[in-house]
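One structure is given here, and the rest of the page talks about it.
Protein chains: 2
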Amino acid sequence: MDARTRSRYERLADLITGMVDKGALAPGTRLPSVRAASEQHRVSVSTVLQAYRLLEDRGVLVARPQSGFYVAAMRGGALALPSASRAKAKASTVSISSAVAALLEHASNPALVPLGCAVPDTALLKSRRLDLALARAARLHGTRHNTYGPPRGEPALCREIAKRAMRFGRALSPDDVIVTAGCTEALTLALLAVARHGDTIAVESPTYFGMLHTLEVLGLKALELPTHPVHGVDVAALARLLQAQRPAACLLSSSFGNPLGAVMAEADKRELLALLASHGVPLIEDDVYGDIHFGRERPKPFMALDGGANTIYCSSFSKTLAPGYRIGWMVPGAHAQQVLERKLAFSLCGPVLPQVALADFLANGAYDAHLRRMSRVLEDNLARMRRAIEASFPPGTRVSRPTGGFVLWLELPRHFDSRALFDLALEHGICLAPGDVFSASRRFRHCLRLSAAHAWSERIEKGVLRLGRLACGLISQ
Amino acid sequence: MDARTRSRYERLADLITGMVDKGALAPGTRLPSVRAASEQHRVSVSTVLQAYRLLEDRGVLVARPQSGFYVAAMRGGALALPSASRAKAKASTVSISSAVAALLEHASNPALVPLGCAVPDTALLKSRRLDLALARAARLHGTRHNTYGPPRGEPALCREIAKRAMRFGRALSPDDVIVTAGCTEALTLALLAVARHGDTIAVESPTYFGMLHTLEVLGLKALELPTHPVHGVDVAALARLLQAQRPAACLLSSSFGNPLGAVMAEADKRELLALLASHGVPLIEDDVYGDIHFGRERPKPFMALDGGANTIYCSSFSKTLAPGYRIGWMVPGAHAQQVLERKLAFSLCGPVLPQVALADFLANGAYDAHLRRMSRVLEDNLARMRRAIEASFPPGTRVSRPTGGFVLWLELPRHFDSRALFDLALEHGICLAPGDVFSASRRFRHCLRLSAAHAWSERIEKGVLRLGRLACGLISQ
Chain A
61 MDARTRSRYE RLADLITGMV DKGALAPGTR LPSVRAASEQ HRVSVSTVLQ AYRLLEDRGV
121 LVARPQSGFY VAAMRGGALA LPSASRAKAK ASTVSISSAV AALLEHASNP ALVPLGCAVP
181 DTALLKSRRL DLALARAARL HGTRHNTYGP PRGEPALCRE IAKRAMRFGR ALSPDDVIVT
241 AGCTEALTLA LLAVARHGDT IAVESPTYFG MLHTLEVLGL KALELPTHPV HGVDVAALAR
301 LLQAQRPAAC LLSSSFGNPL GAVMAEADKR ELLALLASHG VPLIEDDVYG DIHFGRERPK
361 PFMALDGGAN TIYCSSFSKT LAPGYRIGWM VPGAHAQQVL ERKLAFSLCG PVLPQVALAD
421 FLANGAYDAH LRRMSRVLED NLARMRRAIE ASFPPGTRVS RPTGGFVLWL ELPRHFDSRA
481 LFDLALEHGI CLAPGDVFSA SRRFRHCLRL SAAHAWSERI EKGVLRLGRL ACGLISQ
Chain B
61 MDARTRSRYE RLADLITGMV DKGALAPGTR LPSVRAASEQ HRVSVSTVLQ AYRLLEDRGV
121 LVARPQSGFY VAAMRGGALA LPSASRAKAK ASTVSISSAV AALLEHASNP ALVPLGCAVP
181 DTALLKSRRL DLALARAARL HGTRHNTYGP PRGEPALCRE IAKRAMRFGR ALSPDDVIVT
241 AGCTEALTLA LLAVARHGDT IAVESPTYFG MLHTLEVLGL KALELPTHPV HGVDVAALAR
301 LLQAQRPAAC LLSSSFGNPL GAVMAEADKR ELLALLASHG VPLIEDDVYG DIHFGRERPK
361 PFMALDGGAN TIYCSSFSKT LAPGYRIGWM VPGAHAQQVL ERKLAFSLCG PVLPQVALAD
421 FLANGAYDAH LRRMSRVLED NLARMRRAIE ASFPPGTRVS RPTGGFVLWL ELPRHFDSRA
481 LFDLALEHGI CLAPGDVFSA SRRFRHCLRL SAAHAWSERI EKGVLRLGRL ACGLISQ
């Protein structure tokens, strides 16, 4: 529900919930009296009372007779982090496509509560200005642009993308950039540029199932690296693995990877880059979530730390602005020639008008404000989702604490079966992503991913709470 | 130059040239007197005289003193057809990418006379109604469509494409259709669905260099089939080849293939289908030129003849309406699952709004009239280009006689070097496609392809004439 259509007491309740979620109101804190709050927020006494009672119903506040309203205590404090994954000594052949296809089919079903799909809601993306730029370009310059564009992408768009890279500390020329059909094409072109059928690619564990699907289609094996839910890939463990193995590439998230939301510290990133360079293993990085950061500074991608010497950088506008436009980009560095040859064979070039419109939109300068606003909303969504998980999931549930992106990774006790929860949840009209699709060795069956990419609503909140209760039911069987 | 901006005498000259090109005015025919023509065409006497003199300058007419103007005799009659290519007993490893890249770089240079690139001019494509449909979709429904579409493509577009397939005798359901990033992605997905690295693909010879580039990138070999410039692939020769070899697929044009413009007779197509089916070799067909036919009937693609049992059909809207939109489609038949899995890994799905706009445009019903008009223009262009070739190229030059599409294939005497002509022509501001890029074994170095996809103009006519003179110069060296 949009802020403008919510009643006063609901908006006040939202405000208080936000303060609780962000820690501005600690558990046990006494709230201002109804009269004081009425003056403070310039609303009627009855509005405050309605808000307090709503929050009492939701478990955010507790009422103590003769004393007032207090912030409810967390049940057992904040949930613990999921465990760091362990190293796999051997690369796995990937066979995940049918599981992924089944998930995607449900994830796009609008009848289900949308916790399964990591695509922001159109209401959050606010693409109106971009759409109007497209309408204008089509109306005024459609004929001129009705031709094959350069395989690298529209020069104006390459220019805007190169300019933006300055923001994370990498000076690019427009010629360094290749526009792609989303980050998906970028990653596939990157893999094909450095690997051959049968080769091994080192990946985070858990990692995005779309990546695993791509490895499967290209006939590549996955070597799962030990990964910490906050600090990312364990560089020392990677060093040990590289003594015995020689993957064709290492494929990592730049920041806030899906599903963990981890970010490697800059020093760790540098150490990893040096390690890979010394073994002659190129790094392919996926930075689609980098622009959605809750901290003040956007984390630097690997490319900004090694000057692109040994990295192929891939990103897109699909998570932050326009999934429907399918525009991604890459900086292939030393592999530009191989990437361009493959792009010619795969798609020749991208549609011209959407690129022209996006270049126009970016040149306009409103994108940064949009990213800031959107990041705030998603941070808030994640906090609300964590609260709902705390309130409903079985004791012992562990949850990731991402500082960017919009998904949470849940780890339940070992014997928990997230496939059973997936099936049961569908019967209750809720979609989630079961954990086993995030690993080539299907090791995360007791885990699951929830996405908070839709405008928060009662439907979503109730969906998460219901899911927690279903999980409790399954675990006690 | 557009018809509306040409002067009266030029338009009359065009009319007469068209009648000569189409045989309505045979060589040696006497034209009406200037006075009679003036009455017939309702123009002034001086306009007719200007037109006749222009045509005399161009070699279309000859003036006989005291007698009048006559249609000029062809120099030695119509040019002969290029030879049919011979069978290659062995498949060739393809290594053509750098030559293709060099050609594409020049082919898109607007400063050159555009005879190199087989993409219709924006003036012929008349995409205005489509662009306005895109502008409308973006303005009114942009937000709704800002999401990942179904991997198969927008349902409305699949529906319109399925409906159109009825026109060439194949009843399709929308679910049979997969929308792709142009025919390029369709062909690549088709190849990846049936072939593995190192496999052999049987192709026409000469064949489109883009196809050869794709085979190279995918690590596939090319087996070049003997191909006649009018009748297409030699089925009996293919039968002999299949006794010794087992290609992973046969990849052919459905009709008017680039560069020959040949069309197999329907009986030959059926025979070829039966042959391939008996050997268990799937047929991948490329029908991008099928809608540009000069005869009354659109030739049926293979898919319409075997009910799609052993074919993967690929096509696009790039040659007839919207190269800038990058929308193609395929009917993968029995290989749908493999194709969809690969599409997910390569591009996930296509941009949504261009698909919505194209569906809207097709539903509107003006596409068939557009195709008829465009085919007439291109037929006329090809006739003019043949005339200019006849007037200027060395004796013994052979030229294809396509009944659809918009390219001509020229064969010169064996010792002729079209690479030398390519380099020389660039110096004179003219682009062409040298013959050797149309074969994996680089066998057509004495041939070249000229494209007549731009609105005919004096610049283009002079370019062809100049090219002919340059060829004469090279051959006499």
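Chains as they are written, first to last, in my numbering: chain A, 61 to 537; chain B, 61 to 537.
Every residue gets a Cβ at the ideal spot worked out from N, C-alpha and C, and that includes glycine.
By the 16-neighbour rule on beta-carbons within 10 angstroms, P359/A is buried.
The count of Cβ pairs closer than 8 angstroms, one atom from the segment 289-309 of chain B and one from the segment 327-335 of chain B, reaches three, so the stretches are in contact.
The way I'd put it, the segment 72-87 of chain B doesn't touch the segment 496-505 of chain A; fewer than three beta-carbon pairs between them come closer than 8 angstroms. For the segment 69-117 of chain A, there is no continuous beta strand (DSSP E) assignment of 3+ residues that stays within its boundaries. Per DSSP, K148/B has no beta-bridge partner at all.
Contact annotation: P289/B and S460/B have beta-carbon atoms nearer than 8 angstroms. Per DSSP, the continuous alpha helix (DSSP H) segment holding M271/B begins and ends at 269-277.
DSSP, reduced to helix, strand and coil, places F482/B within a helical segment of the structure shown.
Listed in chain order, the positions of the segment 194-208 of chain A with a beta carbon within less than 8 angstroms of a beta carbon of chain B are L194, A195, R196, A198, R199, G202, T203, R204, H205, N206, T207, Y208. The beta carbons of T380/A and I352/A sit about 6 angstroms from each other, so the pair counts as a contact at 8 angstroms.
The residues L472, P473, in chain order, have a CB closer than 8 angstroms to that of G456/A in the same chain once the five nearest residues on each side in sequence are set aside.
Per DSSP, the continuous alpha helix (DSSP H) segment holding S338/A begins and ends at 326-339. With a threshold of 8 angstroms between beta carbons, S157/A makes contact with chain B.
For G388/B, the enclosing beta strand (DSSP E) begins and ends at 388-391.
When CB distances to chain B are screened at a threshold of 7 angstroms, the residues of the segment 379-391 of chain A falling below it are A382, P383, G384, Y385, R386, in chain order. Taking a Cβ-Cβ cut-off of 8 angstroms, the neighbours of C409/B in chain A comprise R386, given in sequence order.
Interface residue (Cβ-Cβ distance to chain A less than 8 angstroms): G213/B is not classified as such. Using a CB distance cut-off of 8 angstroms, V105/B does not count as an interface residue toward chain A.
In the same chain as L534/B, and ignoring 5 residues on each side of it, the C-beta atoms closer than 8 angstroms to its own belong to F476, D477, A480, L481, L484, in chain order.
The beta strand (DSSP E) runs lying completely inside the segment 202-242 of chain B and spanning 3 residues or more are 238-240, given in chain order. Contacts with chain B (Cβ-Cβ distance below 8 angstroms) from the segment 490-519 of chain A involve no residue at all. Approximately 5 angstroms separates the beta-carbon atoms of L408/A and T244/B; this is inside 8 angstroms, confirming the contact. In the three-state scheme derived from DSSP, where H, G and I count as helix and E and B as strand, A426/B is classed as coil.
Residue contact with chain A for D346/B: absent (no Cβ-Cβ distance below 8 angstroms to any residue of chain A). Around the C-beta of H257/A, fewer than 16 other C-beta atoms lie within 10 Å, and the residue is accordingly described as exposed. By the rule that beta-carbons nearer than 8 angstroms mark a contact, F377/A does not touch chain B. Contact annotation, V323/A with T463/A: C-beta distance approximately 7 angstroms; criterion of less than 8 angstroms satisfied.
Taking C-beta atoms under 8 angstroms as the contact rule, G350/B and F406/B fail to qualify, at a distance of about 25 angstroms. Looking at the DSSP output, A493/B bridges to R509/B.
With respect to V179/A, W389/A sits apart: the two C-beta atoms are not nearer than 8 angstroms. Pairing D420/A with L232/A, the inter-Cα distance amounts to about 19 angstroms.
In this structure the segment 409-417 of chain A does not lie against the segment 273-285 of chain A, because fewer than three pairs of beta carbons, one per stretch, are closer than 8 angstroms. T203/B sits close to R188/A, with the two beta carbons spaced by under 8 angstroms. When C-beta atoms of the segment 248-265 of chain B are compared with those of the segment 390-398 of chain A, fewer than three pairs fall below 8 angstroms, so the two segments do not count as touching. The three-state secondary structure of E487/A, taken from DSSP, is helix. Distance from the CA atom of F228/A to the CA atom of P211/A, rounded to whole angstroms, is 26 angstroms.
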